[in-house]
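This report concerns only the one structure given below.
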C-alpha cells in the first residue's frame, strides 16, 4: 500500500480549540479506493478531523497534500481541491429552495449545464429513493430523509474523496441500510476514497475495510481482535461461518449467504482445559500462543488455526495453570459472535 | 374646547384629502423631492452598507469587535449632528465648500447616506451573522469559491437584508435635521415632506401639513407592502 500514490495525506497536523483541546496527527494517509471507518466517543475530535480533511478548517500547523501536491491555505488551488472532496454532515444545512435545488447546488457552483444538472439530480435522488421529495422544501423532511438528501447532494458531485460525518445519526433502520448501500455502490463505481465517521462500532466494522479510532484528539490504530474474513453458509437448520484453515463456527445472524467477517468479542470467549459439555455451540481445540496483562485481567492468545484472543480474570488464569503451549479449548456461544 | 379641536382636525383631513385627490402641484413637488433624495441616498447606502455588513460578518481581524461597536453606535447618530457636520464641511468656508453643494438636493443625499449607512450595514451584519457559519461551511463543502460562498450567504439572508434596507429608508425618509441644515427648505428645490410639514404648520397652513403627513404614512405603508410582496415572490 505504501508504494501507491496517496489521495490525501496530512503530516504534523495540529489544530487547537480555544478551550485548549487539540487535534493532533503525526501522519495520516488515505489511498484511492479505500473505505475507512473512523470511530471514537463524542468529543474525541471526529468532526474536527473531518473538517480538516474536507478543507473546511485549516490546521494551525501541518502540511496537507492532495494527490501528492501540497495545498496552499487560500486561493483557487484550495477551491479546486475542495471540489474534489465532498462532505456529508451529521446535521446537514439546507439552503432555501427545494430538495432538488439543494442537491443541484454543488453542480451549479461548478457551472455544469442545466440539462446535465437535472439528469444527475434525478439519478442521485432515485438511488436514495427520494425522487418524490425533489419538489419539497427541506423543512418538513424527517431525519432519515434529510440525511438521504444530504448524501445525494454529496454523491451527485462524484467526488474523489467522500467524507461522511455520522451520516446515519438521525436515520431509521431502513434509511441506514439504504444509505450504507448507496455509499458502498458509489465506492465501488467511483473507486473513491471514503472516510465514514461513526460512534457505532458495529457500523464501523460493517462499512469500513479498515477502522481507525480517535481518542482525545489523537488518531489511534483500532486493534480489531478476533475479526476474521470468511463466508456465511446456511445449512440444515443452522447458519455457519467458515473461516481460517477449515474452521467453521455456528452463528446466529440474519445475514444471507456470502462473504462476510466474523467478530468474536474477547470477553465472550471461554477457555477450558478440555472440551466442555455445555450449551456453548462452538468449541475449538488449540494451544496457548501468548499471555499478557490487560489491566487487571489476563489476555490469552490461543492458536486454533488462527490466533484467537480471550480475556479472562487473573483468578481463572491461576486456576487453569496456563502457560505457553498449554493445550486448551476455546468456546463461545453462537449469539456471541457477530457477522458483518 | 375638545369639540373645536376635533372639528379642526377633521377639517384639516378633509382639506388634505382634497389636495391629494386634486394632485396639488406643490404637494407633488414636495413628495418628488423627498422620494428622489431619499431613494438616491438609500441606493448608495445599500450599495456600500450591504457589502460592509457582509464583510464584517464573515471576516476575522483584530479590532473587529470595536468596529462592530462603532457601527452599532452610529445607528443612533442624531440627525442634527450629521446636519451640523455636513454643514461644517459643505459651507463656503468648509473643507468642501468649493463644491457648492450646500442647500442642494445633493447635500441632503450625502447627509441621508451618512444616516442610512450604519443602519443598513449593522442590520446586514446581524442578518448575515445568523446564517453565515453553517451556510458558509456548507457552501465551501460543496465547492464554492469565496465569492460564491458570500453570494450564497447573502441569498440565505436576503429577507433580513431587505428589511435592513427598508429600515434605512424609514430612518431617512422622515428625518428633518439633515434636510433642514443641508437642504435649506428651498421651495420647489430642496423642500421635502418633513421640512414642508414643519414649515407649513408653522405658518398656519395646517391642511397642507396634514396632507403631507398622510402621504408620509401612505408611503411608509406602501414600502412595507412592497417588502411583503417581494418576500412572497422570493419564497
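Residue numbers (the working numbering), protein chains in the order written: chain F, 1 to 340; chain W, 341 to 575. Every residue gets a Cβ at the ideal spot worked out from N, C-alpha and C, and that includes glycine. Keep in mind it's a predicted model, so treat the numbers as computed, not measured.
- Taken through DSSP and simplified to helix, strand or coil, residue 15/F comes out as strand.
- A distance of 8 Å or more separates the beta carbons of residue 122/F and residue 132/F.
- Within chain F, the residues 109 have their CB atoms less than 8 Å from the CB of residue 488/W, given in chain order.
- Shown here, residue 363/W sits in coil according to DSSP, grouped into three states, outside any helix or strand.
- The residue from 459/W, 351/W, 397/W and 402/W with its alpha-carbon nearest to that of residue 494/W is 397/W.
- Residue 478/W has a beta carbon lying within less than 8 Å of a beta carbon in chain F.
- Here the alpha carbon of residue 174/F sits roughly 19 Å from the alpha carbon of residue 91/F.
- Residue 459/W holds the alpha-carbon nearest to the alpha-carbon of residue 501/W among 515/W, 480/W and 459/W.
- Closest in C-alpha terms to residue 116/F, from the list 156/F, 211/F, 276/F and 135/F, comes 156/F.
- Contact note: residue 106/F reaches chain W through 482 and 483, using a C-beta cutoff of 8 Å and chain order.
- For the 8 Å CB-CB criterion, residue 85/F and residue 161/F form a contact.
- C-alpha of residue 205/F to C-alpha of residue 504/W: approximately 52 Å in a straight line.
- Chain F places no beta carbon closer than 8 Å to that of residue 405/W, leaving this residue out of the contacts.
- For the pair residue 523/W and residue 384/W, the Cα-to-Cα distance works out to about 19 Å.
- Here DSSP, grouped into helix, strand and coil, assigns residue 372/W to helix.
- Taking CB atoms only, residue 54/F has a neighbour in chain W less than 8 Å away.
- For the region 538 to 567 of chain W, the set of residues with a beta-carbon nearer than 9 Å to any beta-carbon of chain F is empty.
- Across the set 373/W, 443/W, 389/W and 346/W, the C-alpha of 443/W shows the shortest separation from the C-alpha of residue 424/W.
- Taking each of 164/F, 187/F and 279/F in turn and checking the Cα distance to residue 336/F, the smallest one comes out for 279/F.
- The residue among 432/W, 457/W, 477/W and 405/W with its C-alpha nearest the C-alpha of residue 82/F is 477/W.
- The residues 419, in chain order, have a CB closer than 6 Å to that of residue 515/W in the same chain once the five nearest residues on each side in sequence are set aside.
- Short of 6 Å from the beta carbon of residue 374/W, and not among the five residues preceding or following it, lie these beta carbons of its own chain, in chain order: 532 and 533.
- Residue 14/F and residue 61/F do touch by the CB rule: their CB atoms are close to 5 Å apart, below 8 Å.
- In the pairwise beta carbon analysis, the region 236 to 248 of chain F is classified as not touching the region 68 to 80 of chain F: fewer than three pairs are separated by under 8 Å.
- Scanning chain W for C-beta atoms nearer than 9 Å to the C-beta of residue 95/F yields 475, 478, 479, 492, 495 and 496, reported in chain order.
- Remark: C-beta atoms of residue 309/F and residue 225/F approach each other more closely than 8 Å.
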